[in-house]
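Q: Below you will find the structure I want to go over with you.
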Amino acid sequence: MGILIKNGEIITASDRFIGDVYCEDGKIAAVGPGLAKERAGDTVIDASGQLVFPGGVDAHVHMELPFMGTESSDDFETGTAAGVAGGTTSIIDFVIPSRGQSLLDGLAMWHEKAKKAVADYAFHMAVTWFGDKTLSEMGACAREHGIPSFKTFMAYRGAIGVDDPELIQVMEAARGLGALVTVHAEHGDAVVALQKKLLKEGKTHPRYHAQSRPSPIEGEATGRAIMLARMIGEPIYIVHLTCKEALAAVAEARSRGQVVMAETCPQYLLLDDSVYEKPSFEGAAYVMSPPIRPKGHQDALWAALSSGLIQTVATDHCPFNQVGQKDMGKDDFSRIPNGAAGIENRLALLWTYGVLEGRIDVHRFVDLVSTQPAKIFGLYPRKGSIVPGGDADLVVFDPKGTSTISAKTHHHRCDRSIFEGFEVKGRPTHVVVNGRVQFKDGKLDVERGAGRYLPRRLGPTQGSPAVSP
Ligand code: URP
Ligand code: ZN
Ligand code: ZN
Numbered sequence: 002m003g004i005l006i007k008n009g010e011i012i013t014a015s016d017r018f019i020g021d022v023y024c025e026d027g028k029i030a031a032v033g034p035g036l037a038k039e040r041a042g043d044t045v046i047d048a049s050g051q052l053v054f055p056g057g058v059d060a061h062v063h064m065e066l067p068f069m070g071t072e073s074s075d076d077f078e079t080g081t082a083a084g085v086a087g088g089t090t091s092i093i094d095f096v097i098p099s100r101g102q103s104l105l106d107g108l109a110m111w112h113e114k115a116k117k118a119v120a121d122y123a124f125h126m127a128v129t130w131f132g133d134k135t136l137s138e139m140g141a142c143a144r145e146h147g148i149p150s151f152k153t154f155m156a157y158r159g160a161i162g163v164d165d166p167e168l169i170q171v172m173e174a175a176r177g178l179g180a181l182v183t184v185h186a187e188h189g190d191a192v193v194a195l196q197k198k199l200l201k202e203g204k205t206h207p208r209y210h211a212q213s214r215p216s217p218i219e220g221e222a223t224g225r226a227i228m229l230a231r232m233i234g235e236p237i238y239i240v241h242l243t244c245k246e247a248l249a250a251v252a253e254a255r256s257r258g259q260v261v262m263a264e265t266c267p268q269y270l271l272l273d274d275s276v277y278e279k280p281s282f283e284g285a286a287y288v289m290s291p292p293i294r295p296k297g298h299q300d301a302l303w304a305a306l307s308s309g310l311i312q313t314v315a316t317d318h319c320p321f322n323q324v325g326q327k328d329m330g331k332d333d334f335s336r337i338p339n340g341a342a343g344i345e346n347r348l349a350l351l352w353t354y355g356v357l358e359g360r361i362d363v364h365r366f367v368d369l370v371s372t373q374p375a376k377i378f379g380l381y382p383r384k385g386s387i388v389p390g391g392d393a394d395l396v397v398f399d400p401k402g403t404s405t406i407s408a409k410t411h412h413h414r415c416d417r418s419i420f421e422g423f424e425v426k427g428r429p430t431h432v433v434v435n436g437r438v439q440f441k442d443g444k445l446d447v448e449r450g451a452g453r454y455l456p457r458r459l460g461p462t463q464g465s466p467a468v469s470p
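Now the structure itself:
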């Protein structure tokens with residue numbers, strides 16, 4: 002059976018027109034005005050007065066991630082379902098092998114966990130150490146397993162973080178493979194030193210998490226990672242960029258023509274560090290790395306979205322419950338599991354506070370949440386577009402619908418929302434995933450295991466070498 006979405010205002014990264022989209026066998030079969038394709042048994046969605054976007058692509062999530070002595074609380078089923086409820090129809094999760102573990106063993110574990118996803122998924126591979134087999138395993142990931150993007154953490158020293166010699170080896174290996182290196186940029190040793198100092202002074206409250214990782218720590222690491230990438234001639238993608246110092250490093254590199262891409266997340270655009278002053282232990286809900294920044298950084302990030310300095314908005318979805326998880330760090334901020342939920346809220350927040358407040362236009366919105374992540378990571382045009390032959394992943398969005406974000410009503414498996422009380426205008430009324438309506442008028446109708454693994458390849462644009470120093 003097909004699906005006909007009629008009379009919607011179709012908005013892509015480049016186009017805007019009133020028309021219809023016809024989906025058949027999980028693919029987009031036709032797009033245009035007055036298609037009149039419908040046949041008996043088809044589902045017809047009247048999208049008059051509504052917008053139609055390509056499904057969101059969230060290139061940075063962590064479902065059921067073993068981390069800091071616990072596991073992120075959304076699994077692949079609940080996390081992808083929450084994404085669908087918010088208009089995100091594909092994710093890229095991170096395989097994160099532990100130090101000493103083979104990349105391919107880690108990959109097998111992630112494939113097993115991800116079988117229950119309700120929407121399509123791909124993986125980045127984190128390299129958390131560099132051993133004898135790492136080079137050949139990176140080759141197998143990129144060439145045989147459809148994983149041409151690698152992740153390194155400059156933070157989390159002693160756990161999943163790498164040192165500079167390891168980072169250099171990863172970049173060199175990725176360059177040889179035409180793969181992309183993504184980086185969590187914070188000066189890991191400086192963080193450890195500041196954590197120790199603060200704890201020695203008896204400073205254990207969640208607010209000291211932010212004080213142990215101030216913005217220069219991110220700015221320095223961003224600049225260092227960019228410099229190493231420049232030396233090696235490797236493109237680089239900075240994940241969850243939060244601050245002016247890091248933006249300055251990206252701007253300087255791009256002005257020289259270096260291939261540097263950057264991502265930010267709604268929490269860094271919309272929250273400031275006063276969240277750490279919430280009563281009692283509530284600030285722990287906002288403990289994530291990098292931390293939420295003081296006022297001033299947010300405007301710089303918005304400007305970078307509209308100017309094109311930042312290419313994507315992801316979520317870094319990595320939820321932990323306040324009770325039983327965040328409270329592991331009641332007496333020591335450095336033991337609070339780092340991360341928060343957000344996959345369900347990304348589109349509505351960026352629409353409300355980006356488009357409706359005049360900070361970005363509708364095409365930039367689609368580009369940031371769907372088209373650019375698909376292009377950069379090798380999923381385009383199958384994802385991130387509305388073209389015949391593309392996957393039938395579509396969001397019918399009511400620009401007038403209003404709601405208030407709350408942990409009481411969200412689909413995240415998490416007892417807190419870092420966006421609690423945020424009013425949003427605009428919400429999906431129908432979300433089509435692989436040619437099936439999986440969300441309609443506030444209700445999910447998902448199928449455990451319906452999500453498919455998306456092996457990826459990077460095209461010449463994504464893999465193009467950086468200009469020489
Ligand atoms: O605090 C965060 N960001 N948790 C998830 C892991 C990471 O650093 O992306
Ligand atoms: Zn990170
Ligand atoms: Zn992350």
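In this note's numbering, each residue's number is its place in the sequence shown (first place is 1) plus 1. Note that beta-carbon positions come from the ideal geometry of N, C-alpha and C, so glycine has one too. All of these numbers come straight from a predicted model, not from anything done at the bench.
Considering only their Cβ atoms, is the gap separating V288 from G343 smaller than 9 angstroms?
A: The count along the sequence shown starts at 1 and reaches residue 343 at position 342. The count along the sequence shown starts at 1 and reaches residue 288 at position 287. No, they are not a contact pair.
Q: Just tell me which of V85, E345, G132, F77 has its CA closest to the CA of M110.
A: The residue given as residue 110 occupies position 109 in the sequence shown. Among V85, E345, G132, F77, the Cα nearest to that of M110 belongs to F77.
Q: Is the beta carbon of A86 less than 9 angstroms from the beta carbon of D75?
A: Your numbering for residue 86 matches position 85 in the sequence shown. Your numbering for residue 75 matches position 74 in the sequence shown. Taking 9 angstroms as the Cβ cut-off, A86 and D75 do not qualify as a contacting pair.
Q: Given this structure, state the Cα-to-Cα distance separating L5 from V32, to the nearest angstrom.
A: Here residue 5 refers to the residue found at position 4 of the sequence shown. Here residue 32 refers to the residue found at position 31 of the sequence shown. Whole-angstrom Cα-Cα distance: 10 angstroms.
Q: Checking the sheet assignment: what are the DSSP bridge partners for D21?
A: Position 20 of the sequence shown, counted from the first residue, corresponds to residue 21. Paired residue(s): G33.
Q: Using C-beta distances below 8 angstroms, list every residue in its chain close to S465, excluding the 5 sequence neighbours before and after it, in chain order.
A: By 1-based counting over the sequence shown, the position of residue 465 is 464. Low confidence applies here, because S465 scores a pLDDT of 48, under 50, leaving its location unreliable; read the following figure in that light. P236, V260, listed in sequence order.
Q: With three or more beta-carbon pairs closer than 8 angstroms as the criterion, would you say the stretch 153-164 touches the stretch 256-274?
A: No contact exists between the stretch 153-164 and the stretch 256-274.
Q: Which two residues bound the contiguous beta strand (DSSP E) that contains E264?
A: Position 263 of the sequence shown holds residue 264. 261-265 is the extent of the beta strand (DSSP E) around E264.
Q: Measure the alpha-carbon distance for Y238 versus T183 and round it to whole angstroms.
A: Position 237 of the sequence shown holds residue 238. Position 182 of the sequence shown holds residue 183. Computed Cα separation, rounded: 5 angstroms.
Q: Measuring only the C-alpha atoms, how far is A41 from L52?
A: The residue given as residue 41 occupies position 40 in the sequence shown. The residue given as residue 52 occupies position 51 in the sequence shown. Computed Cα separation, rounded: 25 angstroms.
Q: Just verifying my parser: in three-state terms, what is the DSSP assignment at Y160?
A: As a working note, residue 160 is residue 159 in the sequence shown. This sequence places Ala at residue 160; Tyr is not what is there. It is coil, neither helix nor strand.
Q: What three-state label does DSSP hand M126 in the structure shown?
A: Taking the sequence shown and counting its residues from 1, the one referred to as residue 126 is at position 125. The answer is strand: DSSP assigns M126 an E or B state.
Q: In angstroms with no decimal places, state the Cα-to-Cα distance between L348 and D394.
A: Walking along the sequence shown from the start, residue 348 turns up at place 347. Walking along the sequence shown from the start, residue 394 turns up at place 393. Spanning the two alpha carbons is a distance of roughly 15 angstroms.
Q: So, for H241: in the same chain, excluding its five sequence neighbours on each side, which residues have a beta-carbon less than 8 angstroms away from its beta-carbon?
A: Residue mapping note: residue 241 aligns to position 240 of the sequence shown, counting from 1. Around H241: H61, H185, E264, T265, C266, Y269, P291, A315, D317.
Q: What do you reckon, are the CB atoms on I419 and A286 nearer than 9 angstroms?
A: Here residue 419 refers to the residue found at position 418 when the sequence shown is read from its first residue. Here residue 286 refers to the residue found at position 285 when the sequence shown is read from its first residue. Yes, they are a contact pair.
Q: Does the beta carbon of D394 fall short of 8 angstroms from some heavy atom of ligand 3?
A: Taking the sequence shown and counting its residues from 1, one reaches residue 394 at position 393. The answer is no for D394.
Q: Compare the C-alpha of P217 against each of I227, R208, H206, E246 and name the closest.
A: Position 216 of the sequence shown, counted from the first residue, corresponds to residue 217. Nearest of I227, R208, H206, E246 to P217, Cα basis: E246.
Q: Return no unless some Cβ of chain C is closer than 9 angstroms to the Cβ of T153.
A: The question asks about chain C, but that chain is absent: this structure has only one protein chain.
Q: Classify S91 as helix, strand or coil using the three-state DSSP reduction.
A: Numbered from 1 along the sequence shown, position 90 holds the residue referred to as residue 91. In this structure, S91 counts as strand in the three-state DSSP scheme.
Q: Mind checking who H185 pairs with in its DSSP beta bridge?
A: As a position in the sequence shown, residue 185 is number 184, starting the count at 1. Answer is F154.
Q: Check G437 in the structure and name its three-state DSSP category.
A: Here residue 437 refers to the residue found at position 436 when the sequence shown is read from its first residue. The sequence as given places Arg at residue 437; Gly does not occur at that position. In this structure, R437 counts as strand in the three-state DSSP scheme.
Q: Identify the continuous alpha helix (DSSP H) that holds P166 and give its terminal residues.
A: The count along the sequence shown starts at 1 and reaches residue 166 at position 165. Taken as a continuous stretch (DSSP letters only), the alpha helix (DSSP H) holding P166 covers 165-178.
Q: Smallest Cα separation from I19: which of A230, A48, A37?
A: For the purposes of this step, residue 19 is taken as residue 18 along the sequence shown, with counting starting at 1. Here the closest residue by C-alpha is A48.
Q: Could you check the C-alpha separation between L350 and E358 for me, to the nearest Å?
A: Stepping through the sequence shown from its first residue, residue 350 is reached at position 349. Stepping through the sequence shown from its first residue, residue 358 is reached at position 357. So the alpha carbons of these two residues sit roughly 11 angstroms apart.
Q: Assuming V119 and V171 form a contact by the criterion Cβ under 8 angstroms, report the distance between their Cβ atoms to the nearest whole angstrom.
A: For the purposes of this step, residue 119 is identified with residue 118 of the sequence shown, where counting begins at 1. For the purposes of this step, residue 171 is identified with residue 170 of the sequence shown, where counting begins at 1. With 8 angstroms as the limit, V119 and V171 do not qualify as a contact, their Cβ atoms being about 32 angstroms apart.
Q: Judging by CA-CA distance, which residue of A451, E219, C319 is the nearest neighbour of D59?
A: For the purposes of this step, residue 59 is taken as the residue at position 58 of the sequence shown. Taking only the C-alpha atoms, the option nearest D59 is C319.
Q: Under 8 angstroms: does the beta carbon of S290 sit that close to some heavy atom of ligand 1?
A: Looking up residue 290 in the sequence shown gives position 289. S290 Cβ: within cutoff of ligand 1.
Q: Leaving out five residues before and five after F398 in sequence, what residues of the same chain have Cβ atoms less than 8 angstroms from its Cβ?
A: As a working note, residue 398 is residue 397 in the sequence shown. Here the set comprises Q51, L52, V53, F54, G88, L348, W352, G427, R428, P429, T430.
Q: For F321, which of D416, S404, L229, V367 has the nearest alpha-carbon?
A: The residue given as residue 321 occupies position 320 in the sequence shown. Nearest of D416, S404, L229, V367 to F321, Cα basis: D416.
Q: Restricting to Cα atoms, I'd like to know which of G402, W130, R360 is closest to E424.
A: For the purposes of this step, residue 424 is identified with residue 423 of the sequence shown, where counting begins at 1. Of the candidates G402, W130, R360, the one whose C-alpha sits nearest the C-alpha of E424 is G402.
Q: Straight-line CA distance for H112 to G179?
A: Working through the sequence shown from its first residue, we reach residue 112 at position 111. Working through the sequence shown from its first residue, we reach residue 179 at position 178. The alpha-carbon atoms of H112 and G179 are separated by roughly 24 angstroms.
Q: Decide if the stretch 358-371 is in contact with the stretch 438-458; the criterion is three or more beta carbon pairs, one per stretch, under 8 angstroms apart.
A: No: the two stretches stay apart, fewer than three of their Cβ pairs being nearer than 8 angstroms.
Q: Within 10 angstroms of its Cβ, does D21 collect 16 or more other Cβ (buried), or is it exposed?
A: Taking the sequence shown and counting its residues from 1, one reaches residue 21 at position 20. Flag for D21 reads buried.
Q: Which residue from E278, A222, K198, R158 puts its Cα closest to that of R208?
A: For this step, residue 208 is matched to residue 207 along the sequence shown. Comparing Cα positions, the closest option is E278.
Q: Hey, would you say Q323 sits closer than 9 angstroms to F282, going by beta carbons?
A: Here residue 323 is taken as the residue at index 322 of the sequence shown, counted from 1. Here residue 282 is taken as the residue at index 281 of the sequence shown, counted from 1. Yes, these two residues count as a Cβ contact at 9 angstroms.
Q: Kindly provide the chain-ordered list of residues whose Cβ lies closer than 6 angstroms to any non-hydrogen atom of ligand 3.
A: Qualifying residues, in the order they occur: H61, H63, D317, C319.
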